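The structure under discussion appears below in the form of structure tokens.
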Amino acid sequence: MRCAKCGATAVIGMRQHRLNLCAEHFVAWVPDMVARTIDKYAMFAPNERILVAVSGGKDSLALWDILIRQGYETEGVYINLGIDHEGYSDASEDKVRAFAEEHGSVPFRVVNVGEVYGKTVPDLAHTRRGKRVCSVCGLVKRHIMNRVASEGGYAAIATGHNLDDEAATLLGNTLHWQSAYLLRQAPVLPETHPRLARKVKPLCHLYERETAAYALLRGIDYVEEECPYAVKAKSIVYKGLLNQLEHRSPGTKLQFYLEYLHAREDGLFRQEEPAPIENTCPQCGQPTMATGLCAFCRLWEKTP
Ligand code: SF4
Ligand SMILES: [Zn+2]
Ligand SMILES: [Zn+2]
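Letter by letter, the sequence shown follows residues -3 to 300 of the working numbering.
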């Protein structure tokens, strides 16, 4: 297998693009692909400040690496959820901290949920019977990221979702015809309120194996273990099914996602303009659709 650019031995073949590349050309191709994605969906301008949600995994650290190299003004935020299974959260925090130091001490902060709010995410889910850890976790992460972005005046919150993540979510939402979720699944979610920053996914055109190869070739030290709660997630099953299809027919995942975006652009999932968010949570001050406390504050309120 030869590199399409220089003829040297290729380290990766991307059958969906009919492209084989050597290490040198691959680590240049990935940031180009990301730059094209940022441009295509008008994710953010070069002078805008970006908050990067980093988990310690390969995708978010690869994303942060690429944005730093491209000269964006970024800050990394790690949310320590307090998942202590084999020290998962603390080990992930260490990786993020080491990454920030290696990259010239780029701005970086940790929000430790247990220390700031008095309970870890698993404890909180445990005391809220019937609430799954992942749904509590999602709510907590969204709230904290919005708060940090708003306080720091960031234009956008960037996350490391790759194409495999997006295709798996899309498959799950389609199997259940979750039209409200389908409507919201996009590379860019515009700000819906001055205090709710834009959400962007600059890796959404990259396959997971490509972000993993990029992290490896760049020498990024990341947490290889998945979150212990991810094992139960349906998305793992969907990813496996999509990989089987991809194996038989290269490009299936990319096509599934891109054609969905085209259909979405053409208005397939169009609905009425959402009502403006006019309320403010009396406890945390965040904008909310609720008339009293926001969903995040209610989560803590009812917890014994
Ligand atoms: S798998 Fe669930 S608990 Fe783990 S980080 Fe993801 S959403 Fe949170
Ligand atoms: Zn080459
Ligand atoms: Zn609130």
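Every residue gets a Cβ at the ideal spot worked out from N, C-alpha and C, and that includes glycine. If you're wondering where the values come from, they're calculated on a predicted model, not measured in any experiment.
Given residue 122 as reference, the closest of 79, 10, 105 and 200 once Cα atoms are compared: The option with the nearest alpha carbon to residue 122 is 79.
DSSP state of residue 67 mapped onto helix, strand, coil: DSSP places residue 67 in coil when its eight states are reduced to three.
Exposure label - residue 240; buried when at least 16 CB within 10 Å: Residue 240 comes out exposed.
Where residue 275 falls: helix, strand or coil (DSSP): Assignment of residue 275 by DSSP, reduced to helix, strand and coil, places it in the strand class.
With 16 other Cβ atoms within 10 Å as the buried cut-off, status of residue 71: Residue 71 comes out buried.
Cβ-heavy atom distance, residue 323 to ligand 1, below 8 Å: Within the shown structure, residues of the chain are numbered from -3 to 300, placing residue 323 beyond reach of any answer.
Residue 61 and residue 21 closer than 9 Å at C-beta: Not a contact, by the Cβ cut-off of 9 Å.
DSSP-derived helix/strand/coil call for residue 306: As displayed, the chain neither begins before -3 nor continues past 300, which places residue 306 out of reach and without an answer.
C-beta contact flag for residue 35 and residue 207 at 9 Å: A distance of 9 Å or more separates the beta carbons of residue 35 and residue 207.
Per DSSP, cross-strand counterpart(s) of residue 23: Per DSSP, none; premise fails for residue 23.
Euclidean distance between Cα positions of residue 96 and residue 58: The alpha-carbon atoms of residue 96 and residue 58 are separated by roughly 12 Å.
Heavy atom of ligand 2 within 8 Å of residue 1 beta-carbon: The answer is yes for residue 1.
Residue 206 beta carbon near ligand 2 (any heavy atom closer than 8 Å): It does not: the Cβ of residue 206 is nowhere closer than 8 Å to a heavy atom of ligand 2.
Straight-line gap, residue 199 to residue 156 (C-alpha atoms, nearest Å): For residue 199 and residue 156, the gap between their C-alpha atoms comes out near 6 Å.
Bridge-paired residues (DSSP) for residue 283: In DSSP, residue 283 forms a bridge with 276.
Classification of residue 227 by the beta-carbon crowding that lies within 10 angstroms, buried from 16 upward: Result: exposed.
Contact belief for residue 166 with residue 265 at Cβ below 8 Å, rounded distance in angstroms: 12 Å between Cβ atoms; not a contact.
8 Å Cβ shell around residue 117 - same chain, five flanking residues per side excluded: Closer than 8 Å at the Cβ level, and outside the excluded window around residue 117, lie 77, 78, 79, 109, 129, 132, 133 and 136.
For residue -3, three-class secondary structure by DSSP: Judged by DSSP in its simplified three-state form, residue -3 adopts coil rather than helix or strand.
N-terminal and C-terminal residue of the beta strand (DSSP E) that residue 49 is part of: It spans 45 to 49 - the beta strand (DSSP E) in which residue 49 sits, taken as one unbroken run.
Distance, residue 189 Cα to residue 65 Cα: Distance between the alpha carbons of residue 65 and residue 189: 30 Å.
Bridge-paired residues (DSSP) for residue 195: Per DSSP, 153 and 185.
Proximal residues to residue 19 (C-beta, below 8 Å), its chain only, five neighbours per side dropped: So the qualifying residues of the chain are 7 and 213.
Residue 39, DSSP secondary structure in three states: Coil at residue 39, not helix or strand.
Whole-number beta carbon distance between residue 63 and residue 154, since they are thought to touch under 8 Å: Contact check for residue 154 and residue 63: beta-carbon distance about 7 Å, within the 8 Å limit, so the pair qualifies.
CA-to-CA distance, residue 82 to residue 143, given in whole angstroms: When rounded, the distance between both Cα atoms is 29 Å.
Close Cβ partners of residue 186 (< 8 Å) along its chain, the five nearest in sequence each way excluded: Once the five neighbours on either side are set aside, the close Cβ partners of residue 186 are 194.
Rounded distance between the beta-carbons of residue 219 and residue 39, thought under 8 Å: For residue 39 against residue 219, the beta-carbon gap comes to about 26 Å, at or over 8 Å, which does not count as contact.
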